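So the structure is just underneath, and the comments pick up after that.
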Amino acid sequence: MHLWLSECARVLKEGAPVLLFTDALQIAGVAWRDITVWDKTEGVRPQLGRCRNQAEHIVWGSKGNMPLDRRAPVLPGVIRESVRKADKHHLTGKPTDLMRQLVKFCETGGRILDSFAGSGTTLVAAELEGYGWTGVEMTSHYVGYASERLGSL
Numbered sequence: 001m002h003l004w005l006s007e008c009a010r011v012l013k014e015g016a017p018v019l020l021f022t023d024a025l026q027i028a029g030v031a032w033r034d035i036t037v038w039d040k041t042e043g044v045r046p047q048l049g050r051c052r053n054q055a056e057h058i059v060w061g062s063k064g065n066m067p068l069d070r071r072a073p074v075l076p077g078v079i080r081e082s083v084r085k086a087d088k089h090h091l092t093g094k095p096t097d098l099m100r101q102l103v104k105f106c107e108t109g110g111r112i113l114d115s116f117a118g119s120g121t122t123l124v125a126a127e128l129e130g131y132g133w134t135g136v137e138m139t140s141h142y143v144g145y146a147s148e149r150l151g152s153l
């Protein structure tokens, strides 16, 4: 993660936001800003004697300072979005509606980079919200699937 995050940090413009579903942000020299919670709702599988695994934490930061006058909306600290089987096309796939909210961290007219594009959900979300996008994926099956999804928009 250090290697690819460092490369991302190299090509980011100053003040560009970075969102991850892990806590490896600072290893690459990106300023840690906060944690946003994805509340998956009560629909996740319960396990007796344990708390529900109904949340994922999205660690986010920026390369350097983030100006207060960025052309981006105020986003919620907790995003409540159900996991839907029909919207999960990859083992670690996220709901399109969740990603539509998260791409808004980027300034209006910006470009989204998804270094592990998988089935293309982030790219679909970026396209639907009017952002440019670049996706990187090594698995040809997912490249084909993401291309189909994007082609149908």
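Numbering (my numbering), first residue to last: 1 to 153.
Backbone N, C-alpha and C define an ideal beta-carbon position, used for all residues, glycine too.
Since this is a predicted model, take the numbers as computed values, not measurements.
Problem - Buried versus exposed call for Glu-42 [16 or more other C-beta atoms within 10 Å across all chains shown] - result: Label assigned to Glu-42: exposed.
Handout entry: Met-61 vs Trp-32 beta-carbon contact at 8 Å
Key = A small correction: the amino acid at residue 61 is Gly; Met does not occupy that position in the sequence shown. In contact: Gly-61 and Trp-32 (Cβ atoms closer than 8 Å).
Problem - Glu-56, enclosing beta strand (DSSP E) - first and last residue - result: Start and end: 55–62.
Problem - Own chain, CB closer than 8 Å to Val-37, minus 5 neighbours either side, in chain order - result: By the criterion of a C-beta distance shorter than 8 Å, Val-37 is surrounded in its chain by Ala-55, Glu-56, His-57, Ile-58, Gly-77, Val-78 and Ile-79, once the five residues flanking it on both sides are discounted.
Practice task
Could you give the DSSP three-state label for Thr-92: helix, strand or coil?
Solution key: Shown here, Thr-92 sits in coil according to DSSP, grouped into three states, outside any helix or strand.
Exercise for the section: Following the continuous alpha helix (DSSP H) through Ser-9, name the residue where it begins and the one where it ends. Expected result: Here the sequence assigns Ala to residue 9, which means Ser is not the residue at that position. In the DSSP assignment, Ala-9 falls within the alpha helix (DSSP H) that extends over 2–11.
Handout entry: Coil, strand or helix - Ala-16 by DSSP
Key = Coil, per DSSP.
Exercise for the section: Reducing DSSP to helix, strand and coil, say where Gly-132 ends up. Expected result: Strand.
Exercise for the section: May I ask you to report which of helix, strand or coil DSSP gives Thr-36? Expected result: In the structure shown, Thr-36 adopts extended strand secondary structure according to DSSP, grouped into three states.
Handout entry: Helix, strand or coil at Asp-69 [DSSP, three-state]
Key = If DSSP states are grouped into helix, strand and coil, Asp-69 belongs with coil.
Practice task
Please list, in chain order, all residues of the same chain as Gly-15 whose beta carbon is under 8 Å from its beta carbon, the five residues on each side excluded.
Solution key: If we look at Gly-15 and ignore the five residues flanking it on each side, its Cβ neighbours are Ser-62, Lys-63, Gly-64, Asn-65, Met-66, Pro-67 and Arg-70.
Exercise for the section: From the DSSP output, in three-state form, read off Leu-113 for me. Expected result: If DSSP states are grouped into helix, strand and coil, Leu-113 belongs with the strands.
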